[in-house]
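Just so it is clear: in the sequence shown, position 6 is 227 by this note's numbering, and no numbers are missing.
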Amino acid sequence: MIRLQENSKVFVLCPANCITGGPEALHQLVYCMNKLNINAYIVYDYPANIPQPYQLYQTPLASQVENIPGNVVI
């Protein structure tokens, strides 16, 4: 089991510009984690904007993973 610290961040990797059920579920995951006060972010495999269908989830976007102790990559 992974225990998150108060300052931990969760980075969820997602394919860019792909509008299907899988990437939508990743945006929903990030949305739910943030609702639970977990600092979670979507990270695309190359620079891109959040596609229009997923903008309703208001997911924070990170340009890269912060590789430091305590952070998690999904």
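Note that the Cβ used here is the ideal one computed from N, Cα and C, for glycine as well. Every value quoted in this text rests on a predicted model; they were computed, and no experiment measured them.
Check: A246, buried or exposed, once every other Cβ within 10 Å from all chains shown has been counted against 16; Outcome: exposed
Check: Inter-residue CB distance, Q285 and V264 (contact presumed, cutoff 8 Å); Outcome: 7 Å
Check: Assigned exposure category for C253 - 16 Cβ within 10 Å defines buried; Outcome: exposed
Check: Which residues DSSP lists as bridging I263, in chain order; Outcome: V233, L282
Check: Whether N292 touches K230 by CB criterion (7 Å); Outcome: yes
Check: Identity of the residues DSSP links to V251 by a beta bridge; Outcome: V251 pairs with nothing; no bridge assigned.
Check: Neighbourhood of I240 by C-beta, 7 Å cutoff - its chain only, sequence neighbours within 5 removed; Outcome: P272, P274
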